[in-house]
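First the structure, in the form of structure tokens, and then the observations on it.
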């Protein structure tokens, strides 16, 4: 029993020692755990800071690379542009030497930007001042923008000229010959036109003179003949435009005895016919002819008016021959010869003549 108690005490002491050691170990573990957590948090914070620094460094690196690329491109473009400029300069130097026969140094010395620019030629429609001291007539300083503008204008004008025509001289000679021929023809036409206008003027003057004389004589005769065909009546000829004898018309005013009207449209058919006969006879009297032909001019006249017309015909008969187509017996009675057409039984027409005097 004593051994058992000793053993139990020993076991209790061992257990107590183990428990004490366990408690110490647990406390140590807890302290280590807290320290580990603090170290872990610090490590995580340091990691986050390093990651941020790394991202910043990477962004800065990208910016530097982009700027480097831009600078590289700029340098490359500069090199290309410089090469193009050098090539352009070489081309201009070769062109100046080939086309103008001038060395580049001499060209720059004479026409470089340090030299004054001669005044530009006058534009279309521009009149230059006569004073040589006028600013428009003086050389001006070289201004690149202005000279480039002049160059573009000159290039446009040059392009408008088109390609060089090797046959231009021959074409010019042919056109000049054609122009001379047409000019001579034009002068001939102008002269011919002037001659024709002179002829027209002379003809117009002659026509006006002849018409005026004929009108006056006919108007005078018409008044006399009308008063004989219409005793107590009044008739006359009136010009529609007395100021222009070449285009004027002639109106007939007729007033038979006992009437106030003068317009022909208001007269009867017989009066109009007799008025027309009066005008016809007036023309015969004003300008006599070897013979006259009248076709049934007295067909609408009564016996009284017919007798008056016959007396006038007899007056005309004294100086001229009258051929009258008529169906009036009284007209036939005063004729010197009669001619008629008769149809026989066989249907054949036959001309019959009878001389009365």
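In our numbering, the protein residues as written are 7 to 363.
Just so you know, even glycine gets a beta-carbon here, dropped at the ideal spot from N, CA and C.
Could you give the DSSP three-state label for residue i: helix, strand or coil?
i, result
"residue 305", "coil"
"residue 148", "coil"
"residue 4", "Residue 4 is absent from the model: the chain starts at 7 and stops at 363."
"residue 243", "strand"
"residue 299", "strand"
"residue 328", "strand"
"residue 109", "coil"
"residue 123", "strand"
"residue 28", "helix"
"residue 338", "helix"
"residue 133", "coil"
"residue 288", "helix"
"residue 319", "helix"
"residue 271", "helix"
"residue 196", "helix"
"residue 44", "helix"
"residue 187", "helix"
"residue 333", "coil"
Please classify residue i as buried or exposed, where buried requires at least 16 other C-beta atoms within 10 Å of its C-beta.
i, result
"residue 359", "exposed"
"residue 80", "exposed"
"residue 297", "exposed"
"residue 37", "exposed"
"residue 90", "exposed"
"residue 84", "exposed"
"residue 78", "exposed"
"residue 33", "exposed"
"residue 241", "buried"
Measure the beta-carbon distance from residue i to residue j and round it to whole angstroms, keeping in mind my assumption that it falls under 8 Å.
i, j, result
"residue 227", "residue 266", "Actually they do not touch by this definition, with Cβ atoms about 25 Å apart."
"residue 316", "residue 337", "6 Å"
"residue 123", "residue 148", "5 Å"
"residue 3", "residue 256", "Residue 3 lies beyond the residue range present for the chain, which begins at 7 and ends at 363; the question has no answer from this structure."
"residue 308", "residue 276", "7 Å"
"residue 230", "residue 262", "Not quite, the Cβ-Cβ distance comes to about 16 Å (not below 8 Å), so this is no contact."
"residue 322", "residue 280", "Contact doesn't hold; Cβ gap of about 16 Å is too wide."
"residue 330", "residue 300", "5 Å"
"residue 232", "residue 284", "5 Å"
To which residues does DSSP link residue i through a beta bridge?
i, result
"residue 356", "348"
"residue 164", "Answer is none; residue 164 lacks a bridge partner."
"residue 212", "In the DSSP output, where bridge partners are listed per residue, residue 212 has none listed."
"residue 361", "343"
"residue 257", "244"
Using a Cβ-Cβ cutoff of less than 7 Å, which residues in the same chain neighbour residue i once the five nearest sequence positions on both sides are dropped?
i, result
"residue 382", "The first residue shown for the chain is 7 and the last is 363, placing residue 382 beyond what the model contains."
"residue 251", "214, 217, 218"
"residue 224", "243, 288, 289, 292"
"residue 327", "296, 297"
Leaving out five residues on either side along the sequence, give the residues of the same chain with a beta carbon under 6 Å from the beta carbon of residue i.
i, result
"residue 22", "none"
"residue 355", "347, 349"
"residue 361", "343"
Suppose the cutoff is 8 Å on Cβ atoms and the five residues either side in sequence are ignored; what does the same chain contact list for residue i look like?
i, result
"residue 177", "171"
"residue 144", "125"
"residue 153", "123"
"residue 270", "258, 260, 278, 281"
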